[in-house]
Amino acid sequence: MRLDRFYPIFDDTKWLRRLLPLGIKLVQLRIKDAAPEELRAEIIAARDLCRAAGCTLVINDHWQIALDEGCDFIHLGQEDLDCADIAAIRKAGMRLGLSTHDRAELDRAMALAPDYIALGPVYPTILKKMKWQPQGLAKLTEWKSLIGDTPLIAIGGMGVDRAPGAFAAGADVVAAVTDITLNADPDARVKTWIEVTR
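Counting in full-length UniProt numbering, the sequence shown runs from 1 upward without gaps.
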């Protein structure tokens with residue numbers, strides 16, 4: 001499966017409305033704290049916005065709502081695997097991306113034949129507290145050698161300047177969060193990302 005090399009992650013559909021028109025073709029909606037009705041409304045809005053823009057939407061964590069609302073791609077962390085119904089997800093034809101941090105997690109993820117593997121944090125990240133130390137570029141190279149044709153996502157502390165190194169190390173796709181959302185000019189930053197990754 002071919003994925004776009006630029007993978008921004010947003011926590012609100014306001015970002016999608018603003019930035020999808022710039023040419024984003026792969027995006028994740030990651031909402032951590034929202035009331036159920038608000039969460040469902042955001043997922044439905046993201047689904048519709050992405051379909052209209054010809055953009056692949058990945059829903060983080062909330063697989064049941066994503067399944068109910070006809071979304072076609074979800075991302076799960078390792079802790080989410082414990083309670084997700086993988087059989088139902090696969091029966092619905094949904095694609096599945098999985099986070100990994102160590103070899104045991106990678107083995108567990110690959111046993112599920114995922115549509116991509118994410119490795120992170122590659123660099124220190126301010127997005128969330130993590131028990132994992134930065135993985136580094138060498139780990140990307142190691143992971144790529146282990147997963148073969150499965151797309152590899154580099155995430156964590158990624159910026160435009162770090163993307164070429166991640167690609168050279170073996171990443172197929174680079175995910176960005178705060179490099180866009182905390183940028184003084186998010187629109188210009190997205191345009192630069194698209195230039196660098198295409």
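Glycine included, C-beta positions come from ideal geometry on N, C-alpha and C. Here the structure is a predicted model, which means the values were calculated and not measured.
Query                                                                                               : Result
Which class does Pro186 belong to by DSSP, given the choice of helix, strand or coil?               : helix
Does DSSP put Arg40 in a helix, in a strand, or in coil?                                            : helix
Thr100 and Ile117: beta carbons closer than 8 Å?                                                    : yes
Determine whether the beta carbon atoms of Ala46 and Leu16 lie at a separation below 8 Å.           : yes
Contact criterion: CB-CB distance below 8 Å. Does Val58 meet it with respect to chain C?            : The displayed structure is made up of one protein chain only, and chain C is not part of it.
Within the continuous beta strand (DSSP E) that includes Ala154, where are the two ends?            : Leu152 to Ala154
Are the beta-carbon atoms of Asp158 and Val174 separated by less than 8 Å?                          : Correcting the residue type first, residue 158 is Met in the shown sequence and not Asp. Contact flag set, yes.
Going straight from the alpha carbon of Asp33 to that of Trp143, what length do you get?            : 31 Å
Put residue 200 into one of helix, strand or coil per three-state DSSP.                             : Only positions 1 to 198 of the chain appear in this structure, which leaves residue 200 out of reach.
Just to confirm the assignment, what range does the alpha helix (DSSP H) spanning residue 224 have? : An answer regarding residue 224 cannot be provided, because it is not within the stretch 1 to 198 covered by the chain.
What is the rounded straight-line gap between the Cα of residue 213 and the Cα of Ile43?            : The displayed coordinates of the chain run from 1 to 198. Any statement about residue 213 would go beyond what the structure contains.
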